[in-house]
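**Q**
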Amino acid sequence: MKKGLDINPAYIANNGKEGMNWILKNQNLNPLIILLDIQMPVMNGFEFLEEFDRLPEDVKEKIEIFVLSSTLDSDEIKKVKENKYVTDFWNKPFRLEILKNAFLSA
1 MKKGLDINPA
11 YIANNGKEGM
21 NWILKNQNLN
31 PLIILLDIQM
41 PVMNGFEFLE
51 EFDRLPEDVK
61 EKIEIFVLSS
71 TLDSDEIKKV
81 KENKYVTDFW
91 NKPFRLEILK
101 NAFLSA
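Residue numbering for the sequence shown follows UniProt numbering, beginning at 1 and increasing consecutively.
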């Protein structure tokens, strides 16, 4: 996916904790777009969003979060869509064109 979008720089975290640690070390980057999965090891997407809420406001306002998930659980989908930090939710699989449009409008 990274290659298909030709986005630089791009960082890929293997789990939510790794991603949060990266954000904490790179707070000066502007803007940031996060593609967040719900089902991840170590720290899942919901736990990531809870930690994200604790970040300083000036950091949060520079970041857009797009949640990607293969979940069919309507409660999980509702919880994601109601989160004030989530820009959009996409069910996997999704077309790359949707992602490109999101990056262009961010």
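For each residue, glycine too, the CB sits at the ideal point set by N, CA and C.
DSSP three-state label for residue 49, please.
**A** Looking at residue 49 - three-state DSSP - the assignment turns out to be helix.
**Q** Roughly how far, in whole angstroms, is the beta-carbon of residue 31 from the beta-carbon of residue 60, given that I think they are within contact range, below 8 Å?
**A** The Cβ separation is near 11 Å, so there is no contact.
**Q** To the nearest angstrom, how far is it from the Cα of residue 65 to the Cα of residue 86?
**A** Going by the C-alpha atoms only, they are around 5 Å apart.
**Q** With DSSP collapsed to three states, give me the class of residue 101.
**A** Reduced to three states, the DSSP call for residue 101 is helix.
**Q** So what's residue 94 in DSSP terms, helix, strand or just coil?
**A** In the structure shown, residue 94 sits in coil (DSSP, three-state: anything other than H, G, I, E or B).
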